[in-house]
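Engineer: My questions all concern the structure below.
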DNA sequence: AACCCTCGAGGTCA
DNA sequence: CTCGAGGGTT
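In the numbering used here, the protein residues as written are 124 to 821.
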């Protein structure tokens, strides 16, 4: 009752604010005659957005922010995958195929005699996509995204002939069919011819054309792009899939009405797999579409389940990649870039050369030793390939083409950006110098400062739209933004200044206002993002979450860290966090002790508000839980049980404590079971665990 | 050995 | 966004 009253009131207010904002927008954009100050306008917008945050249903109802000015509507809706879409491990040589087979056999405890079947199929070079069917009808389609959450492209796949709207023949109630969206060579050539005729830019290769076509906001454009699809995998299926082998699944997909790749075969052992690999490789050029290797999968689905996953890749499948295409080019220059942490990274500037379908003109050289190891000199002719068909890489030089006057490259010992000494720290454990040479001018180096700011604004940190690389460099150079806190005072200073940002070249009233709005929208930030944004060495996203979870508030972290001298109790407190060791703890302590950082932090904290940590993305009922296995397990080995739990996002511990969420007790469980009961921790048996894990895994 | 961090290139859509 | 290398930590 009360709640619906609140909502009604909020809705009325929401609408009123929306109209008011729209009126101001009209006055501003169309009539160029604002009737309120920027600050008042921003305040209106903030109230509007706060309402939507409090009552999310308001944001879903039409009218609203999408139309008015800055609120950056997300391009595609997000879809969480019921079962994560994982990637595959890669191998590049024949030997590694044997290693893979041996690894699988060992994990399954198979003796030398037992037969083990794999499937081998071409690895299509397109983009993977998950299609959800309910009662046989296509209900949604999503790109892979980060594997957990993808983009909703349902409207766009409708036009792909290979993707049926309706499954034929006995489909399960619910099923995610997964496969590859790709574009054939012929269609790619025709599309580029049309692009050229229309004076539009050409696509670099079929993969990019397919990706660009699928990710169109306007499905009508996608419909004009001839995309194709091969099915090869599945996510959730309810009830279970009507097959017990990978090859059987391919037949099922075919019966559903999908195309499956005709070169898929069952192979027995490494030799058989390699023969098929080389067969596919020899036919690569005549297939009519791009492939970049062969995927091997354990054929038996029950064995797949037992093998489970390591990190984000299944243990039962692997991609055997073709050797990357190579080319030669001339290295004209070695440029030294200075990163956020002061690392000097050499980058090769090359005469542009086409490799694997794109034009390459830059390649990283990684570090000083790498250059010396390969004896790369300016003026050398070098061999370039794209690692994994993506990253340009210099394999080595062609010595006979070296100019007579080429001398070994002298890696600079001073920072090119600020002139400070650039040193290689000595690893205290090995006594060896680090690979990286670092600029020592942390507080004076403009390159480091710009990179730090960039990191601060980046997507997983403060996520400030409109402050991209170029803008940051620009504002830094103008002296308008030198520290993170400056970002949040920019609007106010601009108002009082005579030289307005809106008058700068490349800016206008609209872009200046959008920028200020984007900054305002980020005055509140989750604790983990805040910690990550600080750019402390060794503290990336994961360690930021660990710190946030452990300390819960920024004050608590800061108080501990600033007293965390080596050997102190405070240092130990940080060190005790799971996943954080001496080096990370030291880096954290060092950061907070540094007076310059203290001042920068105080200034920043005066501008922003830190919210509790964000919810972590999860993948099921046991995600994020700490579980303990005890006793003798009957249906799986300890390794398998552990792998299964971990792939579901659980943390497996060896001893029971207050922090344990769940104990899985096998036969003859002893002291751990007793302890679990004492502490009141939930205890289940092996079958219950399998049911739970099965439900979570789909 | 598995994971994390940092850095890098190139392309595409808003 | 995608991909990967290299080096480091746990």
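By construction, the Cβ of each residue, glycine as well, lies at the ideal position given by its N, Cα and C atoms.
#1: I'd like to know whether the C-beta atoms of residue 350 and residue 276 end up nearer to each other than 8 Å.
#2: Using the C-alpha atoms, what's the distance from residue 359 back to residue 820?
#3: Quick check on this structure: which residue in 708, 679, 683 and 612 has the alpha carbon closest to the alpha carbon of residue 659?
#4: Is it true that the CB of residue 453 sits closer than 8 Å to the CB of residue 487?
#5: Would you mind listing the beta strand (DSSP E) stretches within the stretch 267 to 331 that are 3+ residues and don't spill past its ends, in chain order?
#6: Based on DSSP bridge pairs, tell me the residues matched to residue 753.
#7: Hey, is the stretch 279 to 295 in contact with the stretch 326 to 335, meaning 3+ C-beta pairs nearer than 8 Å?
#8: If you drop the 5 nearest sequence neighbours on each side, which residues of the same chain put their C-beta closer than 6 Å to that of residue 684?
#9: Determine the direct distance from the alpha carbon of residue 356 to that of residue 253, and round the result to whole angstroms.
#10: Comparing alpha-carbon positions, which option in 431, 245 and 575 lies nearest residue 411?
#11: Return helix, strand or coil for residue 518, following the three-state DSSP convention.
#12: For residue 619, does the count of other Cβ atoms within 10 angstroms reach 16, so buried, or fall short, so exposed?
#13: In angstroms, rounded to a whole number, what distance separates the CA positions of residue 202 and residue 261?
#14: Counting pairs of Cβ atoms below 8 Å between the stretch 495 to 502 and the stretch 538 to 546, do you hit three or more?
#15: Which first and last residues belong to the alpha helix (DSSP H) in which residue 227 is found?
#16: Since residue 697 is in the alpha helix (DSSP H), which residue starts that stretch and which ends it?
#17: My output table needs one value for residue 604: the three-state DSSP class, helix, strand or coil.
#18: Closest to residue 280 by CA distance: which of 337, 661 and 251 is it?
#19: Please classify residue 782: is it buried, with 16 or more other beta-carbons within 10 angstroms of its beta-carbon, or exposed?
#20: Tell me whether the beta-carbon of residue 415 lies closer than 8 Å to the beta-carbon of residue 379.
#21: Please classify residue 795 as buried or exposed, where buried requires at least 16 other C-beta atoms within 10 Å of its C-beta.
#22: Below 8 Å between beta carbons: does that hold for residue 81 and residue 652?
#23: Smallest Cα separation from residue 578: which of 558, 621 and 462?
#24: Going by the DSSP bridge assignment, what does residue 420 pair with across the sheet?
#25: Under the assumption that residue 436 contacts residue 209 (Cβ atoms under 8 Å), give the Cβ distance between them as a whole number of angstroms.
#26: Could you tell me which of 361, 400 and 300 sits nearest to residue 221, measuring between CA atoms?
#27: Rounded to the nearest angstrom, what separates residue 654 and residue 645 at their Cα positions?
#28: Am I right that residue 748 and residue 779 are in contact with their C-beta atoms under 8 Å? What's the rounded C-beta distance?
#29: Taking the alpha-carbon positions, what's the residue 602 to residue 460 distance?
#30: Go to residue 395, then tell me how far its alpha helix (DSSP H) extends in each direction, as first and last residue.
#31: Where residue 532 and residue 510 are concerned, what is the direct C-alpha to C-alpha distance, given to the nearest angstrom?
#32: Between residue 364 and residue 320, what straight-line distance do the alpha-carbon atoms span, to the nearest angstrom?
#33: Please go through the same chain and pick out, in chain order, the residues whose beta-carbon is closer than 8 Å to the beta-carbon of residue 566, but skip the five residues on each side of it.
#34: Can you tell me whether DSSP reads residue 508 as helix, strand or coil?
#35: What does a CB cutoff of less than 7 Å around residue 792 pick up in its chain, not counting 5 residues either side in sequence?
#36: In angstroms, rounded to a whole number, what distance separates the CA positions of residue 520 and residue 506?
Structural biologist: Taking the definition as stated:
#1: Contact flag unset, no.
#2: Its pLDDT being 45, under 50, residue 820 is placed unreliably by the model, and nothing is read from it.
#3: Closest option to residue 659, Cα to Cα, is 708.
#4: Not in contact: residue 487 and residue 453 (Cβ atoms no closer than 8 Å).
#5: You should have 272 to 274 and 297 to 305.
#6: Residue 753 is bridged to 788.
#7: Judged by pairs of C-beta atoms under 8 Å, the stretch 279 to 295 does not touch the stretch 326 to 335, as fewer than three such pairs exist.
#8: The residues are 711, 712 and 715.
#9: Pairing residue 253 with residue 356, the inter-Cα distance amounts to about 9 Å.
#10: Among 431, 245 and 575, the Cα nearest to that of residue 411 belongs to 245.
#11: In the structure shown, the three-state DSSP call for residue 518 is strand.
#12: The residue in question, residue 619, is exposed, as its Cβ has fewer than 16 Cβ neighbours within 10 Å.
#13: Straight-line spacing of the CA atoms in residue 202 and residue 261 works out to 15 Å.
#14: In short, these stretches do not touch, since the Cβ pair count stays below three.
#15: 217 to 231 is the extent of the alpha helix (DSSP H) around residue 227.
#16: 692 to 698 is the span of the alpha helix (DSSP H), which, as asked, contains residue 697.
#17: Residue 604: coil per DSSP, three-state reduction.
#18: Of 337, 661 and 251, the residue nearest in Cα terms is 337.
#19: Looking at its Cβ environment, which holds fewer than 16 other Cβ atoms inside 10 Å, residue 782 is exposed.
#20: Pairing residue 415 with residue 379 gives a Cβ-Cβ distance that is not under 8 Å.
#21: So residue 795 ends up on the buried side.
#22: For residue 81 there is no data in the structure shown, the boundaries of the chain being 124 and 821.
#23: With respect to the C-alpha of residue 578, the residue from 558, 621 and 462 having the closest C-alpha is 462.
#24: Beta-bridge partners of residue 420 (DSSP): 242 and 440.
#25: That belief holds up - the Cβ atoms of residue 436 and residue 209 are roughly 6 Å apart, short of 8 Å.
#26: Ranking 361, 400 and 300 by Cα distance to residue 221 puts 400 first.
#27: Rounded to whole angstroms, residue 654 to residue 645 spans 15 Å at the Cα level.
#28: With a Cβ gap of about 13 Å, residue 748 and residue 779 do not count as contacting.
#29: Here the alpha carbon of residue 602 sits roughly 21 Å from the alpha carbon of residue 460.
#30: Start and end: 392 to 405.
#31: Taking the straight line from one Cα to the other gives about 24 Å.
#32: If I take the Cα positions, the gap works out to 47 Å.
#33: Taken in chain order, the residues that qualify are 719.
#34: If DSSP states are grouped into helix, strand and coil, residue 508 belongs with the strands.
#35: The residues 753 and 754, in chain order, have a CB closer than 7 Å to that of residue 792 in the same chain once the five nearest residues on each side in sequence are set aside.
#36: The straight-line gap separating the alpha-carbon atoms of residue 520 and residue 506 is approximately 6 Å.
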